[in-house]
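Under my numbering, the letters of the sequence shown match residues 401 to 520, in that order.
Heads up: the structure comes next, in structure tokens.
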Amino acid sequence: MDMLRIAGPMPRRGEARLFFNLEPTYSVVAVCGLGSDCLGYDPVEKMDLSKEAIRLASATGCQELQKLKTSRIYVEDFGHAESAAEGAHLGLWVNQEMRAVERRQFIPQLQLYYEPSLPC
401 MDMLRIAGPM PRRGEARLFF NLEPTYSVVA VCGLGSDCLG YDPVEKMDLS KEAIRLASAT
461 GCQELQKLKT SRIYVEDFGH AESAAEGAHL GLWVNQEMRA VERRQFIPQL QLYYEPSLPC
């Protein structure tokens with residue numbers, strides 16, 4: 401957390417900041433902004449804005465890591481694993497079915513980050 405404060409202001413909703421070599425296990429860590437704590441529910445769109453912020457954050461982080469040609473991305477659940485998975489997969493999805501094999505964009509593997517010592 402100290403490195404994040406030293407690096408500048410906290411990322412806003414939809415922004416990501418990359419940190420390199422913070423620990424030996426992961427060479428790059430993307431820190432994504434979720435915005436306000438209490439985003440609520442939009443009755444017009446019939447959408448939970450907190451879940452939408454999680455989707456946006458995981459998509460943004462995965463896209464930033466994809467630019468670095470990362471082979472595997474571990475996605476945190478952000479308190480709602482389904483929304484994080486949706487955002488990560490949709491953020492990396494590209495329709496390349498009809499492209500030539502040599503022109504296809506690299507898509508990394510996604511995996512849920514799981515720490516057994518953390519409480520559910």
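The beta-carbon is built from N, C-alpha and C at its ideal position, and this holds for glycine as well.
In this structure, the CA atom of R405 is about 42 Å from the CA atom of E502. About 18 Å separates the beta carbon of P411 from that of C438, a gap too long to meet the 8 Å contact definition. If you check the CB distance, G461 and A430 come in under 7 Å. The residues S427, in chain order, have a CB closer than 7 Å to that of N421 in the same chain once the five nearest residues on each side in sequence are set aside. DSSP places Q463 within a helical segment (H, G or I) once states are collapsed to three. DSSP places V494 outside both helix and strand once states are collapsed to three, so it counts as coil. Boundaries for L468: no beta strand (DSSP E) harbours it, and the DSSP string shows neither H nor E there.
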